[in-house]
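Accompanying notes for the structure given below.
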Amino acid sequence: MYKQFTGFLLRRSPFFIFTFLMCINGPFCLYADTEEGILFSFGSSSKLKITERSNVSVYENGVFKGLTYNESRAVLEYMWREDGFSQYSGNYYVYEASRKDTRLIANPLNLNEICTIEISDRGVYRTEPEAVVPVLRSFPVFPEKGIQAGDSWRDYGERIVDPENSGTFTRVRFFCEYRYQGIENGRSGTKHVINAQYAMRYDPGDSALADPSLDKISGRHVVNIYIDVDDRSSIFIRDKLDEQYNYSDGKILRHTGFILTWYNDVIGLDRTEITEKTKKSIDEYDIKDVDVIEKDEGIALSINSLHFIPDSPKLLAGENARLKDIYGLLSELDLSKILVVGHTADVGSIESQNELSKLRALTVIEKLTDMGMNPSMFMYEGRGGDEPVADNGTDEGRAANRRVELILLDD
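Number 63 in full-length UniProt numbering belongs to position 63 of the sequence shown; there are no gaps in the numbering.
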């Protein structure tokens, strides 16, 4: 599992605030006349979007096993600030970037976790000990004083790794060296540039959160951090990695490649407007058995009592008209990401429920994309019978629990 989740640069409305320490100019940037240089700080008071993409070559005992393409996204909402730390919370989604014949298709979720973190003004993280996201913490960490081009500093950070994507995580603490390169002009604009590098070192006993089969981790990361001078809400990080994992059974995994990370401001959905517009469209299209529900993740359209062939992800033909109307409704909204969640009645094994609900979510996506929606805007997962809305002891209740939700996400 490769995902970067780094700190947020302090702002009130823009995403990043830094201090040139020369003069005062407005509420977002503090300038004061001193020779110290540029003071970087972390923080935010609104929603932040983090998008990560990794491209990694995997070798097992020296033999090339293939490429992995992973993506993750998180939209975190500012919660509060106290004693120099700011808290952020939101959903953290991890998925493999899926393609078919070079075309992007809908992405099945590998991980959907609530992420709650506290970040100091310098970028130091505080999280729950058992938390597996974010996977990169206290990176970057800035010095307490202003810096000039050529200045260097060091600080600690952490990474959470799962090299086999098995769900068994290991926490690795590292010591990072930073160097501020100054301001550079390029094709994408004028940037503050910070270079960083750190070594990955781990031995059994280094962390309570650990894969017991891991004997050793070694490797190196070389990182370039670009902060847009004009648009302080824009940050881009490129991380070139080369890591080796030694297991107790003699297996050696080597991962080489890169991780790209983007930080952007998120205004977020106007939930009141979206809810009102969606309910109006449901009435206009006369769509039956669709509820609009506000959830922490976003606005959910619950398509109730969907009729599938029993124990199958195949929809009955009678549902096509309802899905066509839902396609028309969604096409009228300005959306960029939708999480589709399948639910089943609590019948059969948990494993079969989860798999069937996942496939039914995918069926709905395929219907909508056949009508013209972009498949890459969809993520999907199955939650089986874990979230019933009715009594599974009756036929009517089980029918109500067989539903698919389309959650319109902040983006």
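Cβ coordinates follow ideal geometry from the N, Cα and C atoms, glycine included.
Where residue i falls, given that 16 or more other Cβ within 10 Å makes a residue buried
{"i": "Gln353", "result": "buried"}
{"i": "Met79", "result": "exposed"}
{"i": "Thr363", "result": "buried"}
{"i": "His255", "result": "buried"}
{"i": "Ile114", "result": "exposed"}
{"i": "Asn374", "result": "exposed"}
{"i": "Asp411", "result": "buried"}
{"i": "Asp395", "result": "exposed"}
{"i": "Ala199", "result": "exposed"}
{"i": "Ala131", "result": "buried"}
{"i": "Asp239", "result": "buried"}
{"i": "Leu335", "result": "buried"}
{"i": "Leu48", "result": "buried"}
{"i": "Leu329", "result": "buried"}
{"i": "Phe175", "result": "exposed"}
{"i": "Leu368", "result": "buried"}
Distance CB(residue i)-CB(residue j) smaller than 7 Å
{"i": "Val389", "j": "Ala361", "result": "no"}
{"i": "Met371", "j": "Tyr327", "result": "yes"}
{"i": "Ser72", "j": "Glu52", "result": "yes"}
{"i": "Glu381", "j": "Leu109", "result": "yes"}
{"i": "Asp242", "j": "Gly268", "result": "no"}
{"i": "Leu214", "j": "Thr170", "result": "yes"}
{"i": "Val266", "j": "Val75", "result": "yes"}
{"i": "Gln197", "j": "Val172", "result": "no"}
{"i": "Gly257", "j": "Asn70", "result": "no"}
{"i": "Arg179", "j": "Ser138", "result": "no"}
{"i": "Ile299", "j": "Arg271", "result": "yes"}
{"i": "Tyr92", "j": "Val133", "result": "yes"}
{"i": "Tyr263", "j": "Ile227", "result": "no"}
{"i": "Ala106", "j": "Ile350", "result": "no"}
{"i": "Val290", "j": "Leu301", "result": "yes"}
{"i": "residue 450", "j": "Ile147", "result": "Outside the shown range of the chain, which is 1 to 411, sits residue 450, and nothing can be said about it."}
{"i": "Ser217", "j": "Tyr247", "result": "According to the sequence as given, residue 217 is Ile; it is not Ser. No, the Cβ-Cβ distance between Ile217 and Tyr247 is not below 7 Å."}
Assumed close pair residue i, residue j - CB separation to whole angstroms, cut-off 8 Å
{"i": "Asp230", "j": "Thr190", "result": "7 Å"}
{"i": "Ser120", "j": "Gly84", "result": "5 Å"}
{"i": "Gly385", "j": "Thr344", "result": "5 Å"}
{"i": "Ile50", "j": "Thr261", "result": "7 Å"}
{"i": "Arg322", "j": "Lys288", "result": "7 Å"}
Cutoff 7 Å: residue i Cβ touching any chain B Cβ
{"i": "Tyr226", "result": "The chain labelled as chain B is not found in the depicted structure, where only one protein chain is given."}
Pairwise C-alpha distance: residue j and residue i
{"i": "Arg403", "j": "Ile194", "result": "49 Å"}
{"i": "Gln87", "j": "Leu359", "result": "36 Å"}
{"i": "Glu319", "j": "Ser357", "result": "17 Å"}
{"i": "Asn392", "j": "Asn112", "result": "26 Å"}
{"i": "Ile183", "j": "Ile225", "result": "12 Å"}
{"i": "Phe324", "j": "Lys314", "result": "Looking at the sequence provided, one finds Lys at residue 324 rather than Phe. Approximately 16 Å between the Cα atoms of the pair."}
{"i": "Pro140", "j": "Gly123", "result": "6 Å"}
{"i": "Ser41", "j": "Glu144", "result": "9 Å"}
{"i": "Thr68", "j": "Ile259", "result": "11 Å"}
{"i": "Gly90", "j": "Ser331", "result": "26 Å"}
{"i": "Asn401", "j": "Glu387", "result": "8 Å"}
{"i": "Gly150", "j": "Glu177", "result": "13 Å"}
{"i": "Lys65", "j": "Asp346", "result": "39 Å"}
{"i": "Pro310", "j": "Ser188", "result": "54 Å"}
{"i": "Asn165", "j": "Gly205", "result": "21 Å"}
{"i": "Lys251", "j": "Thr168", "result": "16 Å"}
{"i": "Asp286", "j": "Ala399", "result": "21 Å"}
{"i": "Leu253", "j": "Ile282", "result": "52 Å"}
{"i": "Phe308", "j": "Glu355", "result": "14 Å"}
{"i": "Glu77", "j": "Asp203", "result": "36 Å"}
{"i": "His192", "j": "Gln181", "result": "8 Å"}
{"i": "Leu333", "j": "Glu36", "result": "49 Å"}
{"i": "Leu379", "j": "Arg126", "result": "With the sequence shown as reference, residue 379 is identified as Met, and Leu is not the correct amino acid for it. Between Met379 and Arg126, the C-alpha separation is close to 29 Å."}
{"i": "Phe8", "j": "Asp249", "result": "Confidence at Phe8 is low in this model, with a pLDDT of 37, below 50, so the placement of that residue is unreliable and no value is reported for it."}
Check whether the segment 154-171 touches the segment 209-217, counting contact only when three or more Cβ pairs, one atom from each stretch, lie closer than 8 Å.
In short, these stretches touch, since the Cβ pair count reaches three.
Below 8 Å, can you find three or more Cβ-Cβ pairs linking the segment 391-408 to the segment 334-349?
In this structure the segment 391-408 touches the segment 334-349; the number of beta carbon pairs closer than 8 Å is three or more.
Hey, is the segment 54-62 in contact with the segment 275-290, meaning 3+ C-beta pairs nearer than 8 Å?
Contact fails: fewer than three Cβ-Cβ distances are below 8 Å.
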